[in-house]
Amino acid sequence: MENQTLKTIKAGSICTVENGNGKFGIVKVLVIDDKQIHVTIYKNKYDLRPSQIDLSTLSCGSLYDADEEIGVGHAPLFREGFNNWKPIVIDYEEVTSDNLDGYEIWKAKFHSY
Numbered sequence: 542m543e544n545q546t547l548k549t550i551k552a553g554s555i556c557t558v559e560n561g562n563g564k565f566g567i568v569k570v571l572v573i574d575d576k577q578i579h580v581t582i583y584k585n586k587y588d589l590r591p592s593q594i595d596l597s598t599l600s601c602g603s604l605y606d607a608d609e610e611i612g613v614g615h616a617p618l619f620r621e622g623f624n625n626w627k628p629i630v631i632d633y634e635e636v637t638s639d640n641l642d643g644y645e646i647w648k649a650k651f652h653s654y
């Protein structure tokens with residue numbers, strides 16, 4: 542990743558991203574390492590890219606939600622793939638130990654890649 546995005550995105554960044562279906566989603570950056578960016582993908586989707594968001598409305602959802610949208614608590618993405626989503630930082634929220642549950646499980650199983 543060689544653009545402005547790399548200089549501004551850090552663990553805790555809340556970013557809008559293109560979801561590939563003409564809509565926009567929200568991710569929270571959990572960890573950035575040499576090869577990957579680990580994120581939470583929220584279920585929230587928007588027709589227009591939001592410039593701000595009420596963080597209390599973000600949810601990963603549940604398989605039991607009626608709206609059929611679901612997020613992902615932890616997703617490891619190669620940097621190039623993440624950059625293809627055209628992320629834009631709109632906010633920041635400290636990464637908590639609860640946020641890292643999925644990452645820690647992934648790390649224990651796939652500590653090298």
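Residue numbers (our numbering): 542 to 654.
Here a beta-carbon is modelled for each residue, glycine too, at the ideal position from N, C-alpha and C.
The Cβ-Cβ distance between residue 615 and residue 633 does not fall below 8 Å.
Taking every protein chain shown into account, the CB of residue 563 has fewer than 16 other CB atoms within 10 angstroms, so this residue is exposed. Judged by DSSP secondary structure, residue 585 falls within the beta strand (DSSP E) whose first and last residues are 577-587. Here residue 561 is exposed: its Cβ has fewer than 16 other Cβ atoms, across all protein chains shown, within 10 Å. Taking each of 575, 576, 571, 558 in turn and checking the Cα distance to residue 585, the smallest one comes out for 558.
Contact between residue 581 and residue 630 fails: their C-beta atoms lie close to 15 Å from each other, not under 8 Å. Spanning the alpha carbons of residue 569 and residue 588 requires a straight line of approximately 19 Å.
Cβ-Cβ distances below 7 Å link residue 610 to 584, 586, 602 in the same chain, with the five nearest sequence neighbours on each side left out; the list follows chain order.
Within its own chain, the residues whose Cβ lies closer than 8 Å to the Cβ of residue 600, once the five positions on either side in sequence are excluded, are 583, 584, 585, 612, listed in chain order. Collapsing the DSSP output to three states places residue 610 in coil. Residue 648 and residue 595 have their C-alpha atoms roughly 30 Å apart.
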